[in-house]
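In my numbering, the protein residues as written are 1296 to 1486. Even for Gly, the Cβ is constructed at its ideal location relative to N, Cα and C. Below is one structure; the comments refer to it alone.
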Ligand SMILES: Cc1cc2nc3c(=O)[nH]c(=O)nc-3n(C[C@H](O)[C@H](O)[C@H](O)COP(=O)(O)O)c2cc1C
């Protein structure tokens, strides 16, 4: 009788030991399967509105922030769209590809690229095409976002897709006036 009790106890102990070892290793495997996505938040901003939105996306996703800088920075006169300004001339020229200063380091390590820009004449500024055409983006997921005076993002999608060869481009949102919480909920759902 006592022998039986001892045997049952040792069986229980063995079971607890095996479960204790097995459960954590199952968790490790599950964590291994859902590998954390590497996020880049690349943006162009001429007057700061898109920059503020990009910072919210960066905070929400834990991504790396990268500012797309024009080699020849845009002055107030360059942006004066009531006149024949530089921005207007570029937007009217399908071959315009304004030069960029600097490069993203090791873009190959990123799985998801959030790409932000202001809307100029209904579309993405041409420097966004320069950016997209400068890298091998095969297999990457690109999620767009913009700020605007009300036009929204739709008009920019065709050219962004044309320039982002081999990438899966997801139409994002116009984040003008979005709170951090709104941005965070949206951005995390797109990772
Ligand atoms: C040259 C130019 C063209 C613009 N065209 C539009 C437009 O077509 N539709 C719109 O809603 N806003 C337009 N805007 C307003 C910008 O999209 C808006 O102010 C944006 O938030 C600016 O972002 P940024 O501060 O990051 O540069 C235009 C602004 C500029 C300078």
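Residue nearest to residue i in terms of C-alpha spacing, selected from the options
i: residue 1418; options: 1482, 1389 and 1358; result: 1389
i: residue 1342; options: 1330, 1332, 1363 and 1460; result: 1363
i: residue 1386; options: 1359, 1414 and 1407; result: 1414
i: residue 1442; options: 1361, 1332, 1333 and 1348; result: 1348
i: residue 1463; options: 1382, 1486 and 1358; result: 1486
i: residue 1461; options: 1444, 1437 and 1484; result: 1437
i: residue 1336; options: 1407, 1427, 1372 and 1380; result: 1407
heavy atom of ligand 1 below 7 Å from residue i C-beta
i: residue 1417; result: yes
i: residue 1439; result: no
i: residue 1370; result: no
i: residue 1340; result: yes
i: residue 1414; result: yes
i: residue 1474; result: no
i: residue 1239; result: Nothing can be reported for residue 1239, as the shown portion of the chain is limited to 1296 through 1486.
i: residue 1405; result: no
i: residue 1390; result: no
i: residue 1382; result: yes
i: residue 1376; result: yes
Residue environment, residue i, which counts as buried when at least 16 other CB atoms sit within 10 Å
i: residue 1356; result: buried
i: residue 1318; result: With a pLDDT of 45 at residue 1318, under the threshold of 50, the modelled position of that residue is not reliable, and no figure is offered here.
i: residue 1482; result: buried
i: residue 1403; result: exposed
i: residue 1411; result: buried
- Check whether the segment 1345-1363 touches the segment 1466-1480, taking contact to mean three or more Cβ pairs, one atom from each stretch, closer than 8 Å. Counting C-beta pairs closer than 8 Å gives three or more between the segment 1345-1363 and the segment 1466-1480, which meets the contact rule.
- Contact the segment 1386-1404 vs the segment 1365-1374: 3+ CB pairs below 8 Å: Yes, they touch.
- Count the C-beta pairs between the segment 1441-1459 and the segment 1474-1482 that are closer than 8 Å, then say yes if the count reaches three, no if not. Per the Cβ contact rule, the segment 1441-1459 is not in contact with the segment 1474-1482 (fewer than 3 Cβ pairs under 8 Å).
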